[in-house]
Amino acid sequence: MPSANAETVDRTAFDAPSNFVRADVAGAEEVAPGIRRQLLGFGDALMGARVWFSTGAVGELHAHPHAQMSYVESGEFKVTVGAEQQTLSAGDSFFVPSQSRHGAVCLQAGVLIDVFAPAREDFIPARGEV
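Take 8 as the starting number for the sequence shown in this note's numbering and just add one per residue.
See below:
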């Protein structure tokens, strides 16, 4: 995890599609209570993100046009995709088709690795934004 003082993302790390992203440079940002996200490498067609969840944190139900695959790196999550719900732990994964409602409740603090296709333009910081 990036240092505890990484309160904001170093915006200069994302001035262009990134072949390499160093965790100590990219930092992470709080995106909801108990949830911090760090962008990984990305291009127009694909994007990765590492997402830390505190116990009890909720990734609210939502949908987006991007297909998504998430890998549970650690912790335990109650995950909803469409009408299905399962409890997943380290090593498990789930797939979210485009426009499917999905969300997660963190039962035990952990990390999800999310992959989106195409890239989530809304996650990319504006150039020069601090």
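By construction, the Cβ of each residue, glycine as well, lies at the ideal position given by its N, Cα and C atoms.
- DSSP places residue 106 outside any beta strand (DSSP E), giving it a letter other than H or E.
- Under a 10 Å Cβ-count criterion, residue 77 is classified as buried, with 16 or more other Cβ atoms of the shown protein chains found around its own Cβ.
- Judged by beta-carbon spacing, residue 79 lies beyond the 8 Å limit of residue 64, meaning their Cβ atoms are not closer than that value.
- Under the three-pair Cβ rule at 8 Å, the segment 86 to 96 does not count as touching the segment 40 to 60.
- Where residue 88 is concerned, the enclosing beta strand (DSSP E) starts and stops at 74 to 88.
- Between residue 66 and residue 116, the CB-CB gap reaches or exceeds 8 Å.
- Taking all protein chains shown into account, residue 34 has 16 or more neighbouring C-beta atoms within 10 Å of its C-beta and is therefore buried.
- Our two residues, residue 29 and residue 53, have alpha carbons roughly 18 Å apart in a direct line.
- By DSSP's assignment, residue 121 forms a beta bridge with 56, 77.
- Residue 111 sits buried, since 16 or more C-beta atoms from the chains shown fall within 10 Å of its C-beta.
- When DSSP states are grouped into helix, strand and coil, residue 27 belongs to the coil group.
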